[in-house]
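Residue 67 in the UniProt record's numbering sits at position 67 of the sequence shown; the count goes up by one each step and never skips. Report on one structure; see the data block that follows.
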Amino acid sequence: MKKAANSGGIFDTTTVDSFPGKPGWAAARRRWLAYWEGSEVDRPLLDVRAPVDSGRPPLEAPANLEDRYFDPDYVGRKWLRKVEGTYWAGEAVPTDSILMGCYALGCGPKVVFAPNTVWHPVIEAGPDSPLAWSPGPDDPWRRKLDRVISHLLELGRNRFLVGEHSQVPPNDLLMLLRGTEPFLMELVEAPERWQRRLDEVMPIWLELLNHFRGLIAGRQKGCFWGWPGLWHPDYVLLTQSDMSALISPALFEKWVLREMDWMGERFDTLWYHLDGPRAVVHLPALLSRSYIKVIQFVPGAGVAPNGPAYLDLYRRVQAAGRGLDLHCPPAEAEFLIRRLRPERLLLRVVTESPAAADEFVEKAGRWCGSHLGRD
1 MKKAANSGGI FDTTTVDSFP GKPGWAAARR RWLAYWEGSE VDRPLLDVRA PVDSGRPPLE
61 APANLEDRYF DPDYVGRKWL RKVEGTYWAG EAVPTDSILM GCYALGCGPK VVFAPNTVWH
121 PVIEAGPDSP LAWSPGPDDP WRRKLDRVIS HLLELGRNRF LVGEHSQVPP NDLLMLLRGT
181 EPFLMELVEA PERWQRRLDE VMPIWLELLN HFRGLIAGRQ KGCFWGWPGL WHPDYVLLTQ
241 SDMSALISPA LFEKWVLREM DWMGERFDTL WYHLDGPRAV VHLPALLSRS YIKVIQFVPG
301 AGVAPNGPAY LDLYRRVQAA GRGLDLHCPP AEAEFLIRRL RPERLLLRVV TESPAAADEF
361 VEKAGRWCGS HLGRD
């Protein structure tokens, strides 16, 4: 007998077979499990989405920019429009993201809201000054985000999943809060000063992460991140270092890997967002850490999208036994599927229609039948 989503209590994504937002969840979950286990599969894991005409007029955004991120009613309606206006094919999970709202956490009254993002204010005076970042229980942004998440958990039951969220990782956060130029100059001149500050901030950051984990775990079982749309039966920590594009491998070892190793001692599985060609120089260091299980490569603006241009990079990741997570134009997908191993390969594709999405999933299985050009 199929196990349907429960109407009360905890929504258990690790056992439920079906829910209105994802009728084929049991099959999708099996493929997610195979992805994390590296099991033999007949095709890659596929997050395929397509627009659907819901027939509703566009949702009017609040004039107050803060409300676009922290008004529970507006955010809830926005999520429903996103979920209902999207066809979720393959293993795509119905959801949306509150990632931008998290950027305000602990940053005080100088946060700058824009229509499509939230800007971190420069509030840190230096590595030896009293820490200005304060995301504890008294942080007003934390309380506001609590209300948003609680509303989404109630609204989304059986319709969509609410993902884990937190502030950006400390290695990026401290540069944002100090200002890029002064931070980099101080990091180069005396890295040990910023290392001490990093050691101070990491436990505070972890408390914030665990706060939101607990808030969600009380209503929804199974780990899920709304951005980029990532499910795990136990827990996976998403992390990154966008600032690493600006530093040398030697400084990466002193700064970023210091944080990664600290996280790796506390979590078995890390997913790493590798952003842009200038950060690729750090790939060997990342692959030297066994706790980094997945690399998401994003080429960045102004260069070729994921596809043939980066085949060598993908194969280096697969040869190290790690997973890949790639946003891919539909036109490049066949090339990648025919040339990469399907195990631990996740492709994210947006098609023009639901019919095209279903066709893509079906074709992916046939493309995977050929091992032409694979290592």
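Note that beta-carbon positions come from the ideal geometry of N, C-alpha and C, so glycine has one too.
Asked	Found
Residues that Cys-223 bridges to, as DSSP identifies them	His-232
Local Cβ density within 10 Å of Ser-290, reported as buried at 16 or more and exposed below that	exposed
At least three beta-carbon pairs within less than 8 Å, the stretch 76-95 to the stretch 103-123	no
Assumed close pair Gln-240, Pro-169 - CB separation to whole angstroms, cut-off 8 Å	6 Å
Segment contact, 8 Å Cβ cut-off, at least three pairs: the stretch 339-358 with the stretch 311-326	yes
Assumed close pair Leu-153, Ile-247 - CB separation to whole angstroms, cut-off 8 Å	The pair is not a contact, with the Cβ atoms about 39 Å apart (cut-off 8 Å).
Cutoff 6 Å; reference Trp-262; Cβ partners in own chain excluding five residues on either side	Met-202
Cβ-Cβ separation, Val-236 to Trp-271 (assumed contact under 8 Å), whole Å	5 Å
Assigned secondary structure, Glu-40 (DSSP; H/G/I helix, E/B strand, else coil)	coil
Per-residue DSSP class, three states only, for Ile-10	coil
Integer Cβ distance of Arg-81 from Tyr-74, believed to fall under 8 Å	Arg-81 to Tyr-74, Cβ: 11 Å. No contact.
Ranges of the beta strand (DSSP E) found wholly within the stretch 276-342, counting only runs of at least 3	292-298 and 323-327
Three CB pairs or more closer than 8 Å across the stretch 14-25 and the stretch 158-166	yes
Contacting residues, own chain, Cβ-Cβ under 8 Å from Asp-358 (five flanking each side not counted)	Ala-89
Asn-64 classed as buried or exposed, judged by whether at least 16 other C-beta atoms fall within 10 angstroms	exposed
Pick from Glu-66, Cys-368 and Ala-355 that is closest to Glu-334, judged by C-alpha positions	Cys-368
Neighbourhood of Leu-257 by C-beta, 7 Å cutoff - its chain only, sequence neighbours within 5 removed	Ala-285
Three CB pairs or more closer than 8 Å across the stretch 172-187 and the stretch 121-141	yes
Whole-Å CB distance - Gly-163 paired with Trp-79, under 8 Å assumed	That pair is no contact at about 11 Å.
Gln-240 in three-state terms, based on DSSP	strand
Ala-50 and Pro-354 closer than 8 Å at C-beta	yes
Inside the stretch 134-211 only - alpha helix (DSSP H) runs reaching at least 4 residues	140-156, 170-178 and 180-189
Start-to-end residues for the beta strand (DSSP E) that takes in Val-75	Element bounds for Val-75: not the beta strand (DSSP E) but the alpha helix (DSSP H), 72-84.
Distance, Leu-184 Cα to Val-294 Cα	28 Å
Proximity to Leu-46 [Cα-Cα], best of Leu-336, Trp-36, Trp-25 and Glu-91	Glu-91
Inter-residue CB distance, Arg-43 and Gly-365 (contact presumed, cutoff 8 Å)	5 Å
Contacting residues, own chain, Cβ-Cβ under 8 Å from Pro-329 (five flanking each side not counted)	Pro-305, Asn-306, Gly-307 and Val-349
Euclidean distance between Cα positions of Gly-264 and Leu-238	11 Å
Unbroken alpha helix (DSSP H) run spanning Val-48, endpoints	It is not in any alpha helix (DSSP H) - Val-48 instead sits in the beta strand (DSSP E) that spans 45-51.
Per DSSP, the bridge partner or partners of Gly-90	Asp-47
Through-space distance from Thr-14 to Leu-33, alpha-carbon basis	10 Å
Leu-251 - containing alpha helix (DSSP H), residue span	249-264
For Arg-348, the residue or residues it bridges with in DSSP	Asp-47 and His-327
Backbone secondary structure at Val-122 - three-state DSSP	coil
Phe-360 - DSSP class collapsed to helix/strand/coil	helix
First and last residue of the uninterrupted alpha helix (DSSP H) at Gly-101	99-102
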